[in-house]
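Asks: Here our numbering is used: the first residue of the sequence shown is 45, the next is one more, and so on. Sharing a structure here in structure tokens format.
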Amino acid sequence: MIDSFPIARHPFRKGPSLICHLHTASEKVFEMNSLHILKLTDGVIFLRPLAAEDAADHLAGEDEEMSKWVSGGRSTPATVEAFIRSSQENWRGGGPRRAFGVFDCVSNRLVGFIEVNLARLVEPGQVNVSYGVFRQWRRQGLALRAIDLMDEYLRTATEARQMVFRIAPANTASLKLAEKASYTFRGLFDEPEGRMVRYVRDIKT
Ligand SMILES: CC(C)(COP(=O)(O)OP(=O)(O)OC[C@H]1O[C@@H](n2cnc3c(N)ncnc32)[C@H](O)[C@@H]1OP(=O)(O)O)[C@@H](O)C(=O)NCCC(=O)NCCS
Numbered sequence: 045m046i047d048s049f050p051i052a053r054h055p056f057r058k059g060p061s062l063i064c065h066l067h068t069a070s071e072k073v074f075e076m077n078s079l080h081i082l083k084l085t086d087g088v089i090f091l092r093p094l095a096a097e098d099a100a101d102h103l104a105g106e107d108e109e110m111s112k113w114v115s116g117g118r119s120t121p122a123t124v125e126a127f128i129r130s131s132q133e134n135w136r137g138g139g140p141r142r143a144f145g146v147f148d149c150v151s152n153r154l155v156g157f158i159e160v161n162l163a164r165l166v167e168p169g170q171v172n173v174s175y176g177v178f179r180q181w182r183r184q185g186l187a188l189r190a191i192d193l194m195d196e197y198l199r200t201a202t203e204a205r206q207m208v209f210r211i212a213p214a215n216t217a218s219l220k221l222a223e224k225a226s227y228t229f230r231g232l233f234d235e236p237e238g239r240m241v242r243y244v245r246d247i248k249t
């Protein structure tokens, strides 16, 4: 069963609000800021649920690749607002789709997103994860960091056991990322979105 109140029930360490602390690689932590919003950080990036005020930056970050591989076409202010609203409803109601913004610790800027769908299962314990990093922030290891923080969130706040990526065969960057993040190739599968390469990784214990 999935924990239906992930924010309220999860362990956290209080620290100065909205400040990223430096942590060792193995010391990724949950924190709550002064607004009591869930925040996960490794000292370089932090994740927190997307909020209405992130809409403009989220839309501005959508380039061709993001639109082709993630959004299923160009977004508009209205579709982004609807996405964030639905995401907030999921967080509030313990729904299956948990979308985080990825933020740079130094500037507090939104640099991408990462989302888990706890209901999109192939096998028991598996959950579907999707992600994107805005163009100007790519190739700095931020997607790898976001995936590790998502792993930490899933391990601590849910009963998920394996993360699944579904990647279009032509999405070279994402395929390489999956390999670099030590995901295991499972093959090509027909999905509602078309033929997708599936990769899985155990959630760390
Ligand atoms: C895929 C994506 C999230 C990668 O984000 P990123 O922050 O640049 O990735 P990282 O810097 O963490 O890259 C880690 C590794 O992935 C691989 N990789 C990432 N981008 C790559 C690219 N364009 N070409 C080849 N390998 C790439 C490399 O092995 C890289 O390690 P290296 O830089 O030491 O060589 C980003 O390109 C993106 O947002 N693309 C559009 C949205 C998308 O496709 N989302 C996934 C849908 S399934």
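Glycine included, each C-beta is placed from N, C-alpha and C at the ideal position. Note that the structure is predicted; figures quoted are calculated from it, not measured.
#1: Taking 7 Å as the cut-off, does the CB of SER174 come closer than this to any heavy atom belonging to ligand 1?
#2: Taking C-alpha atoms, which residue in LEU94, TYR197, SER131 lies nearest to VAL155?
#3: Which word fits VAL124, buried or exposed, when buried means at least 16 other C-beta atoms lie within 10 angstroms of its C-beta?
#4: Where do the ends of the alpha helix (DSSP H) carrying ASN134 lie?
#5: Excluding sequence positions up to five away, which residues of its chain have a Cβ less than 8 Å from the Cβ of HIS67?
#6: If I measure Cβ to Cβ from PHE178 and keep anything under 7 Å in the same chain, skipping five residues before and after, which residues do I get?
#7: For the beta strand (DSSP E) holding ARG199, just list the boundary residues, first then last.
#8: Here's the rule I'm using: 16 or more other beta-carbon atoms within 10 Å means buried, otherwise exposed. How should ALA122 be labelled?
#9: Any heavy atom of ligand 1 inside 7 Å of the beta-carbon of ASN215?
#10: Under three-state DSSP, which class holds ALA143?
#11: How about GLY231 and ARG242: are their beta carbons less than 8 Å apart?
#12: Please state if the CB of LEU103 and the CB of ALA190 are separated by a distance shorter than 8 Å.
#13: Which stretch, first to last residue, makes up the alpha helix (DSSP H) that contains SER111?
#14: Under 8 Å, with one C-beta from each stretch per pair, do the segment 137-145 and the segment 221-236 reach the 3-pair mark?
#15: Name, in chain order, the residues that DSSP records as bridge partners for ARG242.
#16: Kindly give me the distance between the Cβ atoms of GLN170 and VAL244, rounded to whole angstroms, as I take these residues to be in contact under 8 Å.
#17: With burial defined as no fewer than 16 other Cβ atoms inside 10 Å of the residue's Cβ, what is the status of ALA69: buried or exposed?
#18: Distance check for ASN152 and LEU186, CA to CA, integer angstroms please.
#19: Run the proximity test for VAL241: is its beta-carbon closer than 7 Å to any non-hydrogen atom belonging to ligand 2?
Replies: Working from what's here:
#1: Stepping through the sequence shown from its first residue, residue 174 is reached at position 130. Checking every heavy atom of ligand 1 against the Cβ of SER174, one is found closer than 7 Å.
#2: Locating residue 155 in the sequence shown gives position 111, counting from the first residue. When the alpha-carbon of VAL155 is set against those of LEU94, TYR197, SER131, the nearest one is in LEU94.
#3: If you number the sequence shown from 1, residue 124 lands on position 80. It is buried - the Cβ of VAL124 has at least 16 other Cβ atoms within 10 Å.
#4: Walking along the sequence shown from the start, residue 134 turns up at place 90. Run containing ASN134: 121-137, per the alpha helix (DSSP H) assignment.
#5: Along the sequence shown, one-based indexing puts residue 67 at 23. For HIS67, the predicted model reports a pLDDT of 48, less than 50, meaning its position is unreliable and no value from the coordinates is stated.
#6: For the purposes of this step, residue 178 is identified with residue 134 of the sequence shown, where counting begins at 1. GLY105, VAL155, GLY156, listed in sequence order.
#7: What you label residue 199 is simply residue 155 of the sequence shown in a count that begins at 1. Element bounds for ARG199: not the beta strand (DSSP E) but the alpha helix (DSSP H), 186-201.
#8: In the sequence shown, residue 122 corresponds to position 78, counting from 1. Answer is exposed; the Cβ neighbour count stays below 16.
#9: Locating residue 215 in the sequence shown gives position 171, where the first residue counts as 1. Because some heavy atom of ligand 1 lies under 7 Å away, the Cβ of ASN215 counts as near it: yes.
#10: In the sequence shown, the residue the question calls residue 143 occupies position 99. In this structure, ALA143 counts as strand in the three-state DSSP scheme.
#11: For this step, residue 231 is matched to residue 187 along the sequence shown. For this step, residue 242 is matched to residue 198 along the sequence shown. Yes, the pair counts as a contact, with Cβ atoms nearer than the cut-off.
#12: Sequence index remark: in the sequence shown, residue 190 carries index 146 (1-based). Sequence index remark: in the sequence shown, residue 103 carries index 59 (1-based). Contact: no.
#13: As a first step, residue 111 must be located in the sequence shown, where it is residue number 67. It is not in any alpha helix (DSSP H) - SER111 carries neither H nor E in the DSSP assignment.
#14: no
#15: Position 198 of the sequence shown, counted from the first residue, corresponds to residue 242. Partner(s): ARG210, GLY231.
#16: Numbered from 1 along the sequence shown, position 126 holds the residue referred to as residue 170. Numbered from 1 along the sequence shown, position 200 holds the residue referred to as residue 244. About 7 Å separates the beta carbon of GLN170 from that of VAL244, a gap short enough to meet the 8 Å contact definition.
#17: Position 25 of the sequence shown, counted from the first residue, corresponds to residue 69. Confidence in ALA69 is poor, its pLDDT being 41 and thus under 50, which makes the residue's placement too unreliable to answer from.
#18: Along the sequence shown, one-based indexing puts residue 186 at 142. Along the sequence shown, one-based indexing puts residue 152 at 108. Distance between the alpha carbons of LEU186 and ASN152 is about 14 Å.
#19: Among the ligands modelled here, namely ligand 1, ligand 2 does not occur.
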